[in-house]
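Protein chains in written order, with the numbering used here: chain L, 4 to 109; chain B, 80 to 200. Glycine residues also receive a C-beta, built at the ideal position from the N, C-alpha and C atoms. Remarks on the structure that follows.
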């Protein structure tokens with residue numbers, strides 16, 4: 004399953020809202036996760052099952068969607084939120100695939 | 080508290096074999112609910128899943144890397160390993176090991192810090 008993400012880059016002001024999109028080439032039901040990546044650090048799990056927040060993740064992060072179209076929304080953007088966000092399907096577990104990422108910039 | 084740490088060479092020669100080990104501290108790979116995976120990210124490029132292994136030794140490999148990747152448990156009870164060959168410059172990447180706890184959804188919720196491996200002569 005091929006994952007695509009849009010936009011490639013999103014520029015948002017601190018305090019603003021970011022909306023990121025992820026599309027699967029075929030239905031993955033709700034077996035979709037979102038990760039945050041930062042330079043020099045491993046990815047951090049944010050969302051799984053399309054909309055469930057991982058332990059310790061702020062409620063400013065919310066995920067929606069099913070089948071082929073998914074959205075990650077980040078409200079009240081903080082400086083720590085800037086980075087690259089990846090979606091990943093696990094409907095074909097253990098054969099998983101990642102999207103190319105969306106960079107969220109100031 | 081479970082932690083993962085990758086180890087291995089940081090500079091390898093083209094055409095040779097890369098061997099990396101992930102050490103699980105605070106736990107063991109002998110868990111019925113955990114799967115252990117390898118993911119890499121070339122500089123400035125996308126993340127790529129390489130393979131996943133279960134404590135029984137059953138492994139799953141990315142079909143886009145046929146006959147190049149092996150993932151296995153061991154050599155110690157708290158370790159699992161990756162081998163990749165033959166190497167080319169395109170294999171230069173940060174390699175991550177990670178854990179998926181399948182008691183809930185099978186997602187990689189715990190990652191090692193990563194090891195940057197450069198393939199160059």
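Neighbouring residues, chain B, relative to residue 52 of chain L (Cβ below 9 Å): Residues of chain B passing the Cβ test: 183, 184, 186.
Beta-ladder partner(s) of residue 148 of chain B, from DSSP: B/163
Segment limits, beta strand (DSSP E) that includes residue 130 of chain B: 127-133
Chain B within 9 Å of residue 89 of chain L, Cβ atoms only: yes
Of the listed residues B/118, B/108, B/96, nearest to residue 172 of chain B (C-alpha basis): Ranking the options by Cα distance to residue 172 of chain B, first place goes to B/118.
Assigned exposure category for residue 142 of chain B - 16 Cβ within 10 Å defines buried: Per the 10 Å Cβ criterion, exposed.
Contacts around residue 100 of chain L, its chain only, beta-carbon distance under 8 Å, and the 5 residues preceding and following it disregarded: 4, 5, 6, 91, 92
Residue 153 of chain B vs residue 164 of chain B beta-carbon contact at 9 Å: no
Spatially closest choice to residue 78 of chain L from L/55, L/35, L/23, by CA coordinates: When each option's Cα is compared against that of residue 78 of chain L, the closest is L/23.
Exposed unless 16 or more other CB atoms sit within 10 angstroms - verdict on residue 179 of chain B: buried
C-beta neighbour in chain B for residue 103 of chain L, strict 9 Å: yes
For residue 189 of chain B, the nearest candidate out of B/156, B/110, B/115, B/130 (CA to CA): B/115
Check whether residue 108 of chain L and residue 15 of chain L have beta carbons under 9 Å apart: A contact, by the Cβ cut-off of 9 Å.
Residues of its chain near residue 32 of chain L, where Cβ-Cβ distance is below 8 Å and the 5 sequence neighbours each way are ignored: 69, 70, 94
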